[in-house]
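K.L.:
Handing you a structure now.
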Amino acid sequence: MTRPLRRALLVTGFGLVLGLSFCASLWISHQNWVRNSLLIAGPWLLLLVVGNLRSSARQVRRRLGHRPHTPADERSTTP
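Dropping the structure here:
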């Protein structure tokens, strides 16, 4: 996945999460504030946890000597 595409998907995902959280908070605004806060903060916390897990996995792979596959690797092995 290219960097601009990844950035576009990330921005779109954050926009969807923010929009859905806002709509849900309006929908349940008559209920107690704890449930309302969890509904708004929940998706953001989930995204934060997933992002941290991906970053940790990347660091572990780096420590183990894993190199990401690049097209330059293929060019160097062809005669």
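Numbering (the working numbering), first residue to last: 85 to 163.
Note that the Cβ used here is the ideal one computed from N, Cα and C, for glycine as well.
(1) Could you tell me whether the Cβ atoms of Leu104 and Pro127 are closer together than 9 Å?
(2) Contact check, Leu131 vs Val95 under 8 Å by CB: the rounded distance?
(3) Between the C-alpha atoms of Arg146 and Ser139, what's the straight-line distance to the nearest angstrom?
(4) Please report the distance separating the alpha-carbon of Arg87 from that of Leu93.
(5) Using three-state DSSP, classify Thr86 as helix, strand or coil.
(6) Where does Leu148 sit, in a helix, a strand or coil, going by DSSP?
P.N.:
Considering the structure as presented:
(1) Taking the first residue of the sequence shown as position 1, residue 104 is located at position 20. Taking the first residue of the sequence shown as position 1, residue 127 is located at position 43. Against a cut-off of 9 Å, the Cβ pair of Pro127 and Leu104 comes out as a contact.
(2) For the purposes of this step, residue 131 is taken as the residue at position 47 of the sequence shown. For the purposes of this step, residue 95 is taken as the residue at position 11 of the sequence shown. Leu131 to Val95, Cβ: 12 Å. No contact.
(3) If you number the sequence shown from 1, residue 146 lands on position 62. If you number the sequence shown from 1, residue 139 lands on position 55. Their backbone Cα atoms lie some 11 Å apart in a straight line.
(4) One-based indexing of the sequence shown puts residue 87 at position 3. One-based indexing of the sequence shown puts residue 93 at position 9. The straight-line gap from Cα to Cα measures roughly 10 Å.
(5) Locating residue 86 in the sequence shown gives position 2, where the first residue counts as 1. Three-state result, Thr86: coil.
(6) Within the sequence shown, the letter at position 64 stands for residue 148. Three-state DSSP puts Leu148 in coil, outside helix and strand.
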